[in-house]
Amino acid sequence: MKSAPSGNNRISLEKAKKEDIKDIVDLIYITEPEPEEEWGYGSEKERKETLEKLMKMDNNRFSLDNILVAKKANQLIGMVLLIEGKEIDRLTINSEKEVVTKQKGLLNKLGFIYSSLKGWFFFEECKEDELYISNIAIKPEHRGHGYATIMIQKIYHIAQKKGYKKVSLVAKNDKLIQFYESIGFNLVNKKYRRMMTVI
Numbered sequence: 011m012k013s014a015p016s017g018n019n020r021i022s023l024e025k026a027k028k029e030d031i032k033d034i035v036d037l038i039y040i041t042e043p044e045p046e047e048e049w050g051y052g053s054e055k056e057r058k059e060t061l062e063k064l065m066k067m068d069n070n071r072f073s074l075d076n077i078l079v080a081k082k083a084n085q086l087i088g089m090v091l092l093i094e095g096k097e098i099d100r101l102t103i104n105s106e107k108e109v110v111t112k113q114k115g116l117l118n119k120l121g122f123i124y125s126s127l128k129g130w131f132f133f134e135e136c137k138e139d140e141l142y143i144s145n146i147a148i149k150p151e152h153r154g155h156g157y158a159t160i161m162i163q164k165i166y167h168i169a170q171k172k173g174y175k176k177v178s179l180v181a182k183n184d185k186l187i188q189f190y191e192s193i194g195f196n197l198v199n200k201k202y203r204r205m206m207t208v209i
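To convert a position in the sequence shown, counted from 1, into the working numbering, add 10.
Below is the structure:
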């Protein structure tokens, strides 16, 4: 586990609030290379509306309760969605049930169900003994200052407080794999870019 940058990079990680939702929706959305697999078919506006609805609901993967916001001088600069490994299946099923109801037309409903089932059978995001970083993002104007590294250091402390010894994530591209490797994550599944670190 590498140490975070020092200097004038002080940020806090705080529970997300309703007034943060618009910023969070935009940040989560850009972290997903295939947003239709998370929030269904339709326009970007429709998918963002679905995500916003999920965030306002309890007991699902995207509930506001699972989200922390990074703030610097009381300004939201980033976010992280954390899911306990032992809860991920239940929370994801609840999200997917809601997304299916938002799909227009039988083909879209069936397409989303097929995509979800394929994910269930062929891909394991995390293990039960891991704290999972589902989505993490920094606003573009705040990138390059080491904030993601600081956030991850803070996530390690959260994981330890919750009794986890491992933190995992899925890197969305090769550049992110290199970044996460540079801060101590190991690639444990190359095909799906699943990464994990022991804290």
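All C-beta atoms, glycine included, are put in the ideal place defined by N, C-alpha and C.
(message) So, at 6 Å on beta carbons, what are the nonlocal neighbours of M205 in its own chain, with the 5 sequence-adjacent residues on each side left out?
(response) Same-chain partners within the cutoff: L179, A181, Y190, F195 and L197.
(message) Tell me which residues share the same chain as L74 and place their Cβ nearer than 6 Å to its Cβ, disregarding the 5 neighbours each side in the sequence.
(response) Cβ contact annotation for L74 (same chain, cutoff 6 Å, sequence separation greater than five): A26 and M65, in chain order.
(request) Given a cut-off of 8 Å, decide if I209 and A169 are closer than it, judged by their beta-carbon atoms. (result) Cβ atoms of A169 and I209: closer than 8 Å.
(message) Once the 5 residues before and after S22 are set aside, which same chain residues still bring their CB inside 6 Å of it?
(response) Excluding sequence neighbours, S22 sits near K81.
(request) Check the C-beta distance from L141 over to M89 and give it rounded, since I have them as a contact under 8 Å. (result) Not confirmed; about 16 Å, so no contact.
(request) Would you mind sorting L101 into buried or exposed? The rule is 16 or more other CB atoms within 10 Å of its CB. (result) Under this definition L101 is a buried residue.
(message) If distances are taken between C-alpha atoms only, which option among R20, V35, Q163 and I187 comes closest to A83?
(response) Here the closest residue by C-alpha is R20.
(request) Go ahead and pull the three-state DSSP assignment for E97. (result) In the structure shown, E97 sits in coil (DSSP, three-state: anything other than H, G, I, E or B).
(request) Excluding the 5 residues preceding and the 5 following I93 in the sequence, name in chain order all residues of the same chain whose CB lies nearer than 7 Å to its CB. (result) Once the five neighbours on either side are set aside, the close Cβ partners of I93 are R71, N76, L101, Y142 and S144.
(request) Tell me whether T207 is buried or exposed, calling it buried when 16 or more other Cβ atoms sit within 10 Å of its Cβ. (result) With 16 or more Cβ atoms within 10 Å of its Cβ, T207 is classed as buried.
(request) Give the range of the alpha helix (DSSP H) segment to which Y142 is assigned. (result) From DSSP, Y142 is part of no alpha helix (DSSP H) but of the beta strand (DSSP E) over E140 to I148.
(message) For K112, count the other beta carbons within 10 Å of its own beta carbon; 16 or more makes it buried, fewer makes it exposed. Which is it?
(response) Under this definition K112 is a buried residue.
(request) Kindly indicate which three-state DSSP category A80 falls into: helix, strand or coil? (result) It is a strand residue.
(request) Return the bridge partner residues of N196 from the DSSP annotation. (result) Per DSSP, M206.
(request) State the DSSP-derived secondary structure class of S16, mapped to helix, strand or coil. (result) For S16, the predicted structure reports a pLDDT of 46, less than 50, and the residue's modelled location is therefore unreliable. A value from the coordinates is still provided. Coil, per DSSP.
(message) Looking at the secondary structure, which residues open and close the beta strand (DSSP E) in which L179 lies?
(response) Taken as a continuous stretch (DSSP letters only), the beta strand (DSSP E) holding L179 covers K176 to V180.
(request) Alpha carbon to alpha carbon, how far is V177 from I187? Give it in angstroms, no decimals. (result) One alpha carbon belongs to I187, the other to V177, and they sit about 15 Å apart.
(request) Leaving out five residues on either side along the sequence, give the residues of the same chain with a beta carbon under 7 Å from the beta carbon of K58. (result) Excluding sequence neighbours, K58 sits near V35 and Y39.
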